[in-house]
Amino acid sequence: MVPSVVGYAEGEEILFMHTEASDAAVADTLSKMMKSPVLVVPQLGQVPEALLANVYVFTNGIQPRGARGPFEYQPDIFDTPPGTPGYSPLRAVNLVAWTAPSQARLLTSAEEVRAAQAAGEITVERSGVVVNMPLLTWPGGGER
804 MVPSVVGYAE GEEILFMHTE ASDAAVADTL SKMMKSPVLV VPQLGQVPEA LLANVYVFTN
864 GIQPRGARGP FEYQPDIFDT PPGTPGYSPL RAVNLVAWTA PSQARLLTSA EEVRAAQAAG
924 EITVERSGVV VNMPLLTWPG GGER
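Everything in the sequence shown is counted per our numbering, starting at 804 for the first residue and increasing by one.
As structure tokens, this is what we get:
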């Protein structure tokens, strides 16, 4: 069984899983984090942008008790959960860094990410990596 991971979407805690990644190093990191294999599928990197949704992965900032992302900071944030326009389980990985890590706070929605970016509090860098990350629970749906 593929283990579930805690993340956020639209201000709520969600569960998701990683099944494949376009990059071998990312697949290895996720496999070690989850103690479950994440397959390398380079062709995912060729999926057109229009078919991808976003995931925001934090490279610095807060280290909460409990769930964390792959870099040991806050859990990942997803835009477009199932039932919203643009939903896709295929996620373009966006790396998020706080410009002043000591002032980091927990963000729980893509809207908060965009607002923090507009305010100059964070930088967001498109990594070029695509990961298949189906959501198991989401705001208003999925098994709880």
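Every residue gets a Cβ at the ideal spot worked out from N, C-alpha and C, and that includes glycine.
Pull up the distance between the alpha-carbon of PRO885 and that of SER912, whole angstroms please. By 1-based counting over the sequence shown, the position of residue 885 is 82. By 1-based counting over the sequence shown, the position of residue 912 is 109. Each residue's alpha carbon lies about 15 angstroms from the other.
Secondary structure of THR832, DSSP reduced to three states: For the purposes of this step, residue 832 is identified with residue 29 of the sequence shown, where counting begins at 1. In this structure, THR832 counts as helix in the three-state DSSP scheme.
Between VAL808 and VAL860, is the Cβ-Cβ spacing less than 8 angstroms? Counted from its first residue, the sequence shown places residue 808 at position 5. Counted from its first residue, the sequence shown places residue 860 at position 57. Note that the C-beta distance between VAL808 and VAL860 is not below 8 angstroms.
ASP879 versus MET804, TYR811, VAL805 and PRO806, residue with shortest Cα-Cα distance: Working through the sequence shown from its first residue, we reach residue 879 at position 76. The residue with the shortest Cα to Cα distance from ASP879 is TYR811.
Have a look at ALA903 and VAL927 and give me their C-alpha separation to the nearest angstrom. In the sequence shown, residue 903 corresponds to position 100, counting from 1. In the sequence shown, residue 927 corresponds to position 124, counting from 1. Roughly 14 angstroms separates the two Cα atoms.
Does SER905 come out as helix, strand or coil in the three-state DSSP assignment? By one-based count along the sequence shown, residue 905 stands at place 102. Here SER905 sits in helix by DSSP.
Segment limits, alpha helix (DSSP H) that includes ALA918: Against the sequence shown, residue 918 aligns to sequence position 115. Segment 913-921, the alpha helix (DSSP H) holding ALA918.
What is the C-beta distance between GLY931 and GLY848, in whole angstroms, given that I count them as a contact (C-beta under 8 angstroms)? Residue 931 sits at position 128 when you count from the first residue of the sequence shown. Residue 848 sits at position 45 when you count from the first residue of the sequence shown. Beta-carbon to beta-carbon, GLY931 and GLY848 are separated by about 7 angstroms, close enough to satisfy the 8 angstroms threshold.
Drop a sphere of 10 angstroms on the beta-carbon of VAL805, count the other beta-carbons inside from all chains shown, and report buried for 16 or more, exposed for fewer. In the sequence shown, residue 805 corresponds to position 2, counting from 1. Exposed is the call here.
Per-residue DSSP class, three states only, for LEU939: Here residue 939 refers to the residue found at position 136 of the sequence shown. If DSSP states are grouped into helix, strand and coil, LEU939 belongs with the strands.
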